[in-house]
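Numbering-wise (my numbering), the sequence shown opens with residue 131 and increments by one.
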Amino acid sequence: MSGRPRMSDLASHAGVSVATVSRVLSGKSGISADTREAVLRAVAELDYVPTRTPQRSGLIGIFVPDLTNPAFALFAEQLGALLLQHGRRCVVAHAGSAGTSEATALDTLRDLEVDGVLSVSGAADTEASTEPHERFLATGAPMVVINGHAPILCTRFINCSDEEAIRSQVAHLQTLGHERIGLAIGPRRFVPSQRKIAAFLALGFPEDSVARTIFTAEGGQLAARRLIDSGHTAIVCGSDIMALGVIREARSQGLTVPGDLSVIGFDDSPLMAFTDPALTTVRQPVQAMCDAAVSGLLRAIDGEPLDGTELLFHPDLIIRQSTGPQA
Numbered sequence: 131m132s133g134r135p136r137m138s139d140l141a142s143h144a145g146v147s148v149a150t151v152s153r154v155l156s157g158k159s160g161i162s163a164d165t166r167e168a169v170l171r172a173v174a175e176l177d178y179v180p181t182r183t184p185q186r187s188g189l190i191g192i193f194v195p196d197l198t199n200p201a202f203a204l205f206a207e208q209l210g211a212l213l214l215q216h217g218r219r220c221v222v223a224h225a226g227s228a229g230t231s232e233a234t235a236l237d238t239l240r241d242l243e244v245d246g247v248l249s250v251s252g253a254a255d256t257e258a259s260t261e262p263h264e265r266f267l268a269t270g271a272p273m274v275v276i277n278g279h280a281p282i283l284c285t286r287f288i289n290c291s292d293e294e295a296i297r298s299q300v301a302h303l304q305t306l307g308h309e310r311i312g313l314a315i316g317p318r319r320f321v322p323s324q325r326k327i328a329a330f331l332a333l334g335f336p337e338d339s340v341a342r343t344i345f346t347a348e349g350g351q352l353a354a355r356r357l358i359d360s361g362h363t364a365i366v367c368g369s370d371i372m373a374l375g376v377i378r379e380a381r382s383q384g385l386t387v388p389g390d391l392s393v394i395g396f397d398d399s400p401l402m403a404f405t406d407p408a409l410t411t412v413r414q415p416v417q418a419m420c421d422a423a424v425s426g427l428l429r430a431i432d433g434e435p436l437d438g439t440e441l442l443f444h445p446d447l448i449i450r451q452s453t454g455p456q457a
């Protein structure tokens, strides 16, 4: 082994998982005496030293996947403003167009020795390893995740209820007379996609009414092409950006919105009231979610333990001009 030993080296040496090493180093309960002893023995034998110093930096890290997405940018802005009110400095790390991964961003924040991290849509990819999150938590600094969920992590999760969002979107369309309702959504591996799909199918819609693409305008266009071709008169979208792509595709086919096709977004991103037509969407309670995330993180920094609790917030349906009666 070359260089400073890592948590993965401790895990291999002790014959346990990285998650178990993280729990032992963080002083979590529920670990057997033998397992704890094996991990501590590995720490001693490999001369493992956490990179974090006990002195607080007063710096809080914020992770967002993409600052060019107005929904993520709004979360970053609100979180930063709240931290400033509490006298905290913040640094924002994002994946963005440079190809930086969530893992790299978290490692960067760890190296900066931030006192804690607010992660927006972090731990949302169910196929990705949680080791980067575990490495960070092993420093003793807490993390609060917004719009993501990984039960293995000892943190707090702040989420908008995807089930409530889907139910309100569908109910609105049904009151307008729509029966052929489709769902345009991102990849199934993401927690919000999984929850929205499950809620949609639970309402009795067939699997072929779900079009999985990606959370972009181009993804919305691809989903709309398939759903329009199969006779759907209304489309529920997993994001506002996807909804704009759906509207663009409808117009490219000579259809009007909402005359021929009703479209509902999700997020109520800035400027959605000024699109043409103004977008009917579901608004996440960003302020309330950020308040809960910041207060929870600051309490954790002061010693209150985080135990994997998930807090669900109620979304609001914002009815504008992109939905109308079935033609």
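We put the beta carbon where it would ideally sit given N, CA and C, even for glycine.
The DSSP-derived three-state label of H308 is coil.
Counting every other CB atom within 10 Å of its CB across the protein chains shown gives R219 a total below 16, marking it as exposed.
Taking 8 Å as the cut-off, the Cβ atoms of L239 and A254 do not count as close. Secondary structure of H224 (DSSP, three-state): strand.
Looking at V275, V340, T346, the one whose alpha-carbon comes closest to that of G375 is T346. For C290, there is no enclosing alpha helix (DSSP H); the enclosing beta strand (DSSP E) covers residues 286 to 290. Boundaries around V274 are those of the beta strand (DSSP E), 273 to 276, since no alpha helix (DSSP H) includes it. R355 is positioned such that its CB atom lies no closer than 8 Å to that of A329. Secondary-structure assignment with DSSP links A314 through a beta bridge to A341, C367.
Counting only residues of its own chain and dropping the five nearest sequence neighbours on each side, H362 has a CB closer than 6 Å to the CB of R310, G312. When the Cα atoms are used, T234 and P455 turn out to be separated by approximately 48 Å. Burial check for R319: the Cβ neighbour count within 10 Å stays below 16, so the residue is exposed.
Annotation for I365: G312, A314, L357, V376, V393 place their beta carbon closer than 6 Å to its own, counting only its chain and skipping 5 residues before and after.
Contact between the segment 202 to 217 and the segment 414 to 425 is established, with three or more Cβ pairs separated by less than 8 Å.
The segment 379 to 392 and the segment 433 to 440 do not touch, with fewer than 3 CB-CB distances between them shorter than 8 Å. According to DSSP, residue pairing for L189 in a beta bridge involves R219. Residue pairing of E440 in beta bridges, as defined by DSSP: F287. Residue burial is scored here from C-beta neighbours: G349 has at least 16 other C-beta atoms within 10 angstroms and is therefore classed as buried. Per DSSP, the continuous beta strand (DSSP E) segment holding F396 begins and ends at 392 to 397. Per DSSP, reduced to three states, the secondary structure at I448 is strand. CA-CA distance, E232 to P195, rounds to 7 Å.
The way I'd put it, the segment 334 to 344 doesn't touch the segment 396 to 406; fewer than three beta-carbon pairs between them come closer than 8 Å.
L427 is positioned such that its CB atom lies closer than 8 Å to that of P272. Comparing alpha carbon positions, the residue from N277, G270, V247, D245 closest to T256 is N277. Between the alpha carbons of A301 and L283 lies a distance of about 35 Å. Taking 8 Å as the cut-off, the Cβ atoms of A149 and E264 count as close. For G350, the uninterrupted alpha helix (DSSP H) segment begins and ends at 347 to 359. If the five residues before and after D421 are omitted, its C-beta is found closer than 8 Å to the C-beta atoms of L212, all from its own chain and listed in chain order.
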